[in-house]
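*Asks:* Just dropping this structure here.
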Amino acid sequence: MELKRVVVTGLGALTPIGNTKDEYWEGLISGKSGAAPITYYDTEKFKTKFACELKNFNVTDFIDRKESRRMDKFAQYAMVAADEAIEDSNLNLDKVNKLRVGVIWGAGIGGLETFQNEVLNFASGDGTPRFNPFFIPKMIADIAPGNISIKHGFMGPNYTTVSACASSANAMFDALNSIRLGHTDVVVTGGSEAAVTIAGMGGFNAMHALSTRNESPETASRPFDATRDGFVLGEGAGALVLEEYEHAKARGAKIYAECIGGGLSSDAYHMTAPHPDGLGVIAVMKNCLENAGLKPEDVDHINTHGTSTTLGDVAELKAISEVFGSHAKNININSTKSMTGHLLGAAGAIEAISVILAMEHGIVPPTINHTTDDENIDPELNLTLNKAQKRDVKVAMSNTFGFGGHNACVLFKKLD
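To get this note's numbering, take the position in the sequence shown, counting from 1, and add 232.
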């Protein structure tokens, strides 16, 4: 069976550094930090008092107030990003065969704020279980693609992938394969997350996973820097419209890039820590290259998982050196989490959008906040530090890893 080609025809982004794909891109290339003191709740008793929240976002500018109240933030974010991507794709929703349009979405946690608030309300009451009738539909992780398909009438495959921070990369790979195998013509894919909550911040603080650089939030996310002290939590959504090449070509669609492959692997090592030798990461990048039919020397740019954690950053870069050998020093490597923070289940999607736009514009966004070299990191690697670099990017890779040892990798290529 001959696999069908898959291209990207629409993009949508709702991030801490920009509420549209264009604003997001401007934020990336200018080296903008999305980190600031938390505004959603009182942080007095919390170890970490900052995060990468959305800025100047009012959901009722996009979704009817009554409808929005029936959605957790993560689902609201999904709707907004997906709508932008669908509009950007110029799909004719009156003519497209909706039986062959799917929505495959990623969310690592889902409706955390809804769950938190309902339990707190119950605990503060008289013990009578008075729960909002929308509690369960708002909370469940699969409701985001459900809402997107309901709004647009898409009747193809519809589900959520959950693999912690690798969730939306998993979703993109599933979407790629759905089209490749001829099951669908179009898939709206991506991910969303809204974990900047009392429970989210408290839980990650308890794990000692978050930066506590409260005196300078905007510089706290510093992947690869010797003084890094944990990741910065972010929120938002990223959406991509993937489409079968001939289907896109027949309707004269703008094509951003070709999605040429993906890979999956497991560390099979620890609940939260990466394998110190990056064995799972080595495997996933090799799987991805093999799936795409490419050689290591074909890759120009890698947006790393790069969370700004002591163990994770080193393990990933060691794995890159292992897989790409002497070519590793020729690759523009970066971590856009230095600007957006870590969007958990949405990370893979917004970072895939970053590499696609890097190909389109010929610029690789920087890894900001670098001040001190880490002696455990190869100094010959080009980590695109502090300033965007011009680069004709023909092939780009996006890496995403999650608690539980889940590794996912996606490859994009500039269309010939």
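Ideal Cβ placement from N, Cα and C applies to all residues, glycine included.
Does DSSP classify SER558 as helix, strand or coil?
*Replies:* In the structure shown, SER558 sits in a helix (DSSP, three-state: H, G or I).
*Asks:* Once you ignore the five residues that flank ARG678 on each side, which residues in its own chain have a CB closer than 6 Å to its CB?
*Replies:* Shown here, the chain extends from 233 to 648; a query on residue 678 therefore has no answer.
*Asks:* Can you tell me which of the three DSSP states GLY636 falls into?
*Replies:* The DSSP-derived three-state label of GLY636 is coil.
*Asks:* What separation, rounded to the nearest whole angstrom, lies between the Cα atoms of MET439 and GLY242?
*Replies:* Separation of MET439 and GLY242 (C-alpha to C-alpha, rounded to the nearest whole angstrom) is 37 Å.
*Asks:* Could you tell me if LEU465 is buried or exposed, where buried requires 16 or more neighbouring beta carbons within 10 angstroms of its beta carbon?
*Replies:* buried
*Asks:* Got a sec, what are the start and stop residues for the beta strand (DSSP E) LEU474 sits in?
*Replies:* 468-476
*Asks:* Please work out which residues of its chain come closer than 7 Å, Cβ to Cβ, to LYS305, disregarding the five sequence neighbours upstream and downstream, and give them in chain order.
*Replies:* GLU345 and ALA426
*Asks:* Assuming LYS619 contacts LYS645 under a Cβ cut-off of 8 Å, what Cβ separation, rounded to an integer in Å, is found between them?
*Replies:* Contact doesn't hold; Cβ gap of about 26 Å is too wide.
*Asks:* Measuring only the C-alpha atoms, how far is VAL394 from ILE372?
*Replies:* 11 Å
*Asks:* Assuming GLU475 contacts VAL239 under a Cβ cut-off of 8 Å, what Cβ separation, rounded to an integer in Å, is found between them?
*Replies:* 6 Å
*Asks:* Note down the Cα distance separating THR542 from ASP457, rounded to an integer number of angstroms.
*Replies:* 9 Å
*Asks:* Would a C-beta distance cut-off of 8 Å place VAL418 and LEU323 closer than the cut-off?
*Replies:* yes
*Asks:* From the DSSP output, in three-state form, read off LYS527 for me.
*Replies:* coil
*Asks:* By the three-class DSSP mapping on this structure, what secondary structure does THR346 have?
*Replies:* helix
*Asks:* By how many angstroms is the C-alpha of PRO528 removed from the C-alpha of TYR309?
*Replies:* For TYR309 and PRO528, the distance between alpha carbons rounds to 35 Å.
*Asks:* Kindly list the residues whose CB is nearer than 7 Å to the CB of TYR273, restricted to its own chain and excluding five residues on each side of it in sequence; keep chain order.
*Replies:* Sequence-distant Cβ neighbours of TYR273 in its own chain, meaning closer than 7 Å and more than five residues away, are ILE430.
*Asks:* In terms of DSSP beta bridges, what is GLN621 paired with?
*Replies:* VAL596
*Asks:* Find out if the Cβ-Cβ distance for the pair ALA376, SER424 is shorter than 8 Å.
*Replies:* yes
*Asks:* Going by the DSSP bridge assignment, what does TYR391 pair with across the sheet?
*Replies:* Paired residue(s): ILE336.
*Asks:* Output the distance between the C-alpha atoms of THR659 and SER570, rounded to the nearest integer angstrom.
*Replies:* Residue 659 lies beyond the residue range present for the chain, which begins at 233 and ends at 648; the question has no answer from this structure.
*Asks:* Determine the closest residue to LEU589 out of ASP530, SER630, ASN437 and LYS370, with distance taken between C-alpha atoms.
*Replies:* With respect to the C-alpha of LEU589, the residue from ASP530, SER630, ASN437 and LYS370 having the closest C-alpha is SER630.
*Asks:* I need the straight-line Cα distance from PHE405 to GLY494, nearest angstrom please.
*Replies:* Distance between the alpha carbons of PHE405 and GLY494: 6 Å.
*Asks:* Classify ILE261 as buried or exposed, calling it buried when 16 or more other Cβ atoms lie within 10 Å of its own Cβ.
*Replies:* The residue is buried, with at least 16 neighbouring Cβ atoms inside 10 Å.
*Asks:* Ignore the nearest five residues each way along the sequence and tell me which others in GLU490's own chain have a CB closer than 8 Å to its CB.
*Replies:* ARG237, VAL238, VAL239, VAL240, TYR477, PHE644, LYS645, LYS646 and LEU647
*Asks:* Rounded C-beta distance between ALA551 and GLY510? I'm assuming under 8 Å.
*Replies:* 3 Å
*Asks:* Work out the CA separation of ALA317 and GLU592 for me, nearest whole Å.
*Replies:* 16 Å
*Asks:* Excluding sequence positions up to five away, which residues of its chain have a Cβ less than 6 Å from the Cβ of ALA469?
*Replies:* Excluding positions up to five away in sequence, the list reads LEU246, TYR309, ALA310, ALA313, SER424 and ALA578.
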